[in-house]
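J.: Residues in the sequence shown are numbered from 606 upward in steps of one, following my numbering. Ideal Cβ positions, reconstructed from N, Cα and C, are used throughout, including at glycine.
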Amino acid sequence: MLLGTLLVLLLAGAAPASAHAALRASDPEDGSVVRTAPTHITLTFTESVGLLEDSFRIYGPDNRRVPMEEPEHAAGAADTARAALPRDLGEGTYTVAWRVVSADSHPVSGAFTFSIGKPSPTPPAAPQDHAEHPVTKSLYDTGRYLAYLAAALLLGTAAFAALCRPPDTGPLRAPLLFGWWTLLVTTAALLILRAPYEKGTSPGTALDVSAFPDTVSGRPGMALLSRLALLLTAALLLPVLRGRSPRTRVTAGAAFSVALALTWASAEHASAGIQVPAAMTSSVLHLLAMACWLGGLAALLLTLHRARTPPPYDTVARFSRLALTSVSVLVVTGAYQSWRGLGSWSALTETAYGRTLAVKLAATVFLLSAAALSRRWTALLARPAAAGERVPALVGAPGPPPAPRTTHMTTVEPETLHRRALRRSVLAEVVVAVAVLLVTTVLTGTLPSRAEAEAAKAPEPQVAGLPGAQALTVPYDTGTPGGSGTVQLTMDPGRVGENGLQAVVFGPQGALTFVPELRVTFTLPSKDVGPIDAGLTDRGGYWATNDLTLPLEGAWTMKLTVRVSDIDQVTVEREVRITR
């Protein structure tokens, strides 16, 4: 069932396009002047896109937001979005601001203008960029890195135990449990953060339960949900598989590994662009080979250090063959993915994707060097010298310095020396492997060079028409312990007419906090208007309304009332200037 869901995700993105969506065309066209008001806004992108509740925002010539229906995909076209417009649109210039989610899970946004009858005489106001929230993006990227690391540890340790067959598997229980729990927690965190990441809002909005259905209906959300289900299913089936034959356990583990790898491939760069089926296959093989090599290294290191008896040569030799096979797969799939993402040799130095890829390649060279050294020590373990063989003393060994022109010798077990050297080289591999995984995480979140080149050919989005939102931070203090902090408010568009208002409350240490009541009213003293209650409602972590109407321009007095307990509250006033 889960594997079928993942295959649906795979096939749903099989249209040839380029990773990261770019606006290919719009109807009405950008900058066009139409005689009559259009009935719909239609946007066509360079790849399939996911739609948000607020994917389209349209502002009229007076910079007021135009009410419209929720956008939806055009029939049979996942790369085309459209929304119906009101029939009474007047003459002048309109701004369309859009925000969608690419097939590779990254949100993109832009804006363009069109005019009905004739352009407006006054140019629209310049917008603020709300493409992403830095804190949300940082948390999301950290979660993605930890998920990669946990997957490598979980799958690599399991592969080492099943394929290399160490006599003592006791040291492997801890990394298996750590990898499973870390992957489970980070996947759940990514699912919770998905909505604010897509919308470019603060982490506090992650607690808005109403956004969850939209999150899990999109491809990235479905992939994360499938990953959670796979991990929980594996935990339930593990006791059942313990009594089965080794072949059955290996087959079940392989199926689980492929399904888990698909949850990444189905929602990242491989799921969009040219040659999607081949790219998806390559991505799954690349991730599994990476896990077998890098996660297996950690398992080997723990076995060398913590096993009650040192692992025999056969165990180390089996891992050496597994690592060689994994490296071969990584080279082939990595070369294909690099070609697919770069598009040209010049992009290796001229684009962010190319430069990040170059860093990964350099780190991989160091990793291969350490791996070659480990293979050398593994080969020496296969032919240990007889006990009592005299070999040169280790550099830095304790004891008096050697006499001039004589060779100081000591009697040691060569196998012990080789095993100690193997531990050091494997430790070096693990350290470099962690760095490679970090660069890989950055690479998966970077716009591929090929997609960047195609996006440059698409129409340039016009951002000079989107009205900017007003943002302000208001401190408060009730005079009681823990009763101080700040409230961050955003008013969109912050002009005469209908506005949206969002407020997030932070405590005395700057941490997100919850208050039983938050009230905002507006008064215009010069016109004796108000107070107008914004009608904020608790959205689960933040307070918001979309129905605040301020009818006149001028210097409005905003009164912010924060109640932190049943008896403690404070009211703070701020002046807010509203223009047309």
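(1) Is it buried or exposed for residue 933, if we count other Cβ within 10 angstroms and need 16 for buried?
(2) Please go through the same chain and pick out, in chain order, the residues whose beta-carbon is closer than 6 Å to the beta-carbon of residue 821, but skip the five residues on each side of it.
(3) Where residue 1035 and residue 964 are concerned, what is the direct C-alpha to C-alpha distance, given to the nearest angstrom?
(4) Let me confirm a value: residue 900 is counted as buried when at least 16 other C-beta atoms fall within 10 Å, else exposed. Which label applies?
(5) Classify residue 803: buried if its beta carbon has 16 or more other beta carbons within 10 angstroms, exposed otherwise.
(6) Please report the distance separating the alpha-carbon of residue 993 from that of residue 887.
(7) Using 10 angstroms around the beta-carbon of residue 759, count the other beta-carbons present and answer buried if the total reaches 16, otherwise exposed.
(8) Taking DSSP as the reference, what is the three-state secondary structure of residue 910?
(9) Pick from 1081, 744, 679 and 926: whose alpha carbon is nearest that of residue 1092?
(10) Can residue 662 and residue 702 be called in contact, C-beta distance under 7 Å?
(11) At a cut of 8 Å, does the segment 938 to 947 reach the segment 857 to 871 through at least three beta carbon pairs?
(12) Evaluate the contact criterion for the segment 670 to 680 versus the segment 735 to 755: three or more CB pairs, one atom per stretch, below 8 Å.
(13) Pull up the DSSP beta-bridge partners for residue 1168, would you.
(14) Please go through the segment 638 to 680 and give each complete alpha helix (DSSP H) segment of 4 or more residues, from N-terminal end onward.
(15) With a threshold of 7 Å on Cβ separation, who are the neighbours of residue 972 within its own chain once the five nearest residues in sequence on each side are excluded?
(16) Out of 754, 1137 and 1104, which one is the CA nearest neighbour of residue 786?
(17) Would the beta-carbon of residue 638 fall within 7 Å of that of residue 725?
(18) Given a threshold of 16 other Cβ atoms within 10 Å of its Cβ, counted over all protein chains shown, does residue 707 qualify as buried or as exposed?
(19) What does the Cβ neighbour count give for residue 975, buried or exposed, with the cut at 16 atoms within 10 Å?
(20) Buried or exposed, going by whether 16 or more other CB atoms sit within 10 Å of the CB of residue 862?
(21) Can you give me the C-alpha to C-alpha distance between residue 893 and residue 978, rounded to a whole angstrom?
(22) For a test of the three-state rule: what should DSSP assign to residue 1147, helix, strand or coil?
(23) Starting from the Cα of residue 745, find the closest Cα among 768, 806 and 688 and give me that residue.
(24) Which two residues bound the contiguous beta strand (DSSP E) that contains residue 700?
(25) Taking only three categories from DSSP, how would you classify residue 1080?
(26) Count the other CB atoms within 10 Å of the CB of residue 1183; is the residue buried (16 or more) or exposed (fewer)?
(27) Quick one: what does DSSP say residue 819 is sitting in, helix, strand or coil?
(28) To the nearest angstrom, how far is it from the Cα of residue 731 to the Cα of residue 699?
(29) Looking at residue 1141: is its Cβ nearer than 7 Å to the Cβ of residue 1123?
(30) Out of 825, 824, 832 and 797, state which residue places its alpha-carbon closest to the alpha-carbon of residue 815.
(31) Please classify residue 843 as buried or exposed, where buried requires at least 16 neighbouring CB atoms within 10 angstroms.
(32) Is it true that the segment 1124 to 1140 meets the segment 1162 to 1172, where meeting means three or more beta-carbon pairs spaced less than 8 Å apart?
(33) Does DSSP put residue 631 in a helix, a strand or coil?
(34) Runs of 4 residues minimum, wholly inside the segment 792 to 879: which ones carry the alpha helix (DSSP H) assignment?
(35) Within 8 Å, do at least three Cβ pairs link the segment 764 to 784 to the segment 709 to 716?
(36) Which same chain residues end up closer than 7 Å to residue 1077 when comparing Cβ atoms and leaving out the 5 residues on each side of it in sequence?
T.: To lay it out plainly:
(1) Along the sequence shown, read from residue 1 onward, the residue named residue 933 stands at position 328. Classification of residue 933: exposed, given that the 10 Å Cβ count is below 16.
(2) Here residue 821 corresponds to residue number 216 of the sequence shown, with the count starting at 1. Correct list, in chain order: 830.
(3) Translated into positions along the sequence shown, residue 1035 becomes position 430. Translated into positions along the sequence shown, residue 964 becomes position 359. Their Cα atoms are separated by approximately 17 Å.
(4) The residue given as residue 900 occupies position 295 in the sequence shown. Label assigned to residue 900: buried.
(5) The count along the sequence shown starts at 1 and reaches residue 803 at position 198. So residue 803 ends up on the buried side.
(6) The residue given as residue 993 occupies position 388 in the sequence shown. The residue given as residue 887 occupies position 282 in the sequence shown. Note that residue 993 scores a pLDDT of 41, beneath 50, so its modelled location is shaky and nothing firm can be said.
(7) Counting from one through the sequence shown, the residue named residue 759 turns up at place 154. Burial call: buried.
(8) In the sequence shown, counting from the first residue as 1, residue 910 sits at position 305. Reduced to three states, the DSSP call for residue 910 is helix.
(9) As a working note, residue 1092 is residue 487 in the sequence shown. The residue with the shortest Cα to Cα distance from residue 1092 is 1081.
(10) For the purposes of this step, residue 662 is identified with residue 57 of the sequence shown, where counting begins at 1. For the purposes of this step, residue 702 is identified with residue 97 of the sequence shown, where counting begins at 1. Cβ distance < 7 Å, so residue 662 and residue 702 count as in contact.
(11) no
(12) no
(13) Stepping through the sequence shown from its first residue, residue 1168 is reached at position 563. In the DSSP output, where bridge partners are listed per residue, residue 1168 has 1122 and 1174.
(14) For the segment 638 to 680, not a single whole alpha helix (DSSP H) run of length 4 or above is found.
(15) Within the sequence shown, residue 972 is the residue found at index 367, counting from 1. Result list for residue 972: 1034, 1037, 1038 and 1041, in chain order.
(16) Walking along the sequence shown from the start, residue 786 turns up at place 181. Of the listed residues, the one whose Cα sits closest to residue 786 is 754.
(17) Working through the sequence shown from its first residue, we reach residue 638 at position 33. Working through the sequence shown from its first residue, we reach residue 725 at position 120. Contact flag unset, no.
(18) Working through the sequence shown from its first residue, we reach residue 707 at position 102. That one is buried.
(19) Indexing the sequence shown from 1 puts residue 975 at position 370. Answer is buried; the Cβ neighbour count reaches 16.
(20) In the sequence shown, residue 862 corresponds to position 257, counting from 1. Looking at its Cβ environment, which holds 16 or more other Cβ atoms inside 10 Å, residue 862 is buried.
(21) Translated into the one-based positions of the sequence shown, residue 893 becomes position 288. Translated into the one-based positions of the sequence shown, residue 978 becomes position 373. Their backbone Cα atoms lie some 23 Å apart in a straight line.
(22) Position 542 of the sequence shown, counted from the first residue, corresponds to residue 1147. It is coil, neither helix nor strand.
(23) Residue 745 sits at position 140 when you count from the first residue of the sequence shown. Taking only the C-alpha atoms, the option nearest residue 745 is 806.
(24) If you number the sequence shown from 1, residue 700 lands on position 95. Counted as a single uninterrupted DSSP element, the beta strand (DSSP E) harbouring residue 700 occupies residues 697 to 707.
(25) Taking the first residue of the sequence shown as 1, we reach residue 1080 at position 475. Residue 1080 falls in the strand class under three-state DSSP.
(26) Here residue 1183 corresponds to residue number 578 of the sequence shown, with the count starting at 1. It counts as buried.
(27) For the purposes of this step, residue 819 is identified with residue 214 of the sequence shown, where counting begins at 1. Of the three classes helix, strand and coil, the one that applies to residue 819 here is helix, per DSSP.
(28) The sequence position of residue 731 within the sequence shown is 126, counting from 1. The sequence position of residue 699 within the sequence shown is 94, counting from 1. Here the model assigns residue 731 a pLDDT of 39, short of 50, so the residue's position is not dependable and the matter cannot be decided.
(29) The sequence position of residue 1141 within the sequence shown is 536, counting from 1. The sequence position of residue 1123 within the sequence shown is 518, counting from 1. Contact: yes.
(30) Here residue 815 corresponds to residue number 210 of the sequence shown, with the count starting at 1. It is 797.
(31) One-based indexing of the sequence shown puts residue 843 at position 238. So residue 843 ends up on the exposed side.
(32) yes
(33) Taking the first residue of the sequence shown as position 1, residue 631 is located at position 26. Taken through DSSP and simplified to helix, strand or coil, residue 631 comes out as strand.
(34) 817 to 822, 824 to 846 and 851 to 870
(35) no
(36) Position 472 of the sequence shown holds residue 1077. Within the same chain, residue 1077 has close Cβ partners 1094 and 1179.
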